[in-house]
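Per my numbering, the very first residue in the sequence shown carries number 2; after that it's consecutive. Comments concern the structure below.
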Amino acid sequence: MENRERIIVLGGDGFCGWPTSLRLSSEGYDVVIVDNLSRRKIDVELGCESLTPIKPLEQRLRRWEEISGRRIDYRALNIA
């Protein structure tokens, strides 16, 4: 039996949020990522890159759905 509870992951594009979102989705939860992508914007403003290149969130969400058959929703939102 799958869980049908909806879980909101704040900062889902981040180091902890992304794998947490995948895990919860794989366990059957309806996952919604809320993130304003501020870290990515700061990197662009400073002209620096991540030590480990990370694909854009939208691309990773599409790939996850292709692999798992599960959709993770995303809302661009600044909650601060």
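Even glycine gets a Cβ: it sits at the ideal position worked out from N, Cα and C.
Do you know whose CA, among the options, lies nearest residue i's CA?
| i | options | result |
| --- | --- | --- |
| residue 25 | 71, 47, 38, 40 | 71 |
| residue 81 | 36, 27, 57 | 36 |
| residue 64 | 15, 23, 18 | 23 |
| residue 20 | 6, 5, 78, 55 | 55 |
Tell me residue i's beta-bridge partners as DSSP assigns them.
| i | result |
| --- | --- |
| residue 1 | Any property of residue 1 remains undetermined from this structure, which presents the chain solely from 2 to 81. |
Thinking residue i and residue j are a contact (beta carbons under 8 Å), I'd like their distance in whole angstroms, please.
| i | j | result |
| --- | --- | --- |
| residue 8 | residue 30 | 5 Å |
| residue 52 | residue 38 | Not really, about 18 Å apart at Cβ, beyond 8 Å. |
Inset, instruction - Could you name each continuous alpha helix (DSSP H) segment of 4 residues or more that falls completely within the region 4-70, going from the start of the chain to the end? - result: 18-27, 39-47, 58-69
Inset, instruction - Give a yes or no on contact between the region 64-80 and the region 40-54, applying the rule of three or more CB pairs nearer than 8 Å. - result: no
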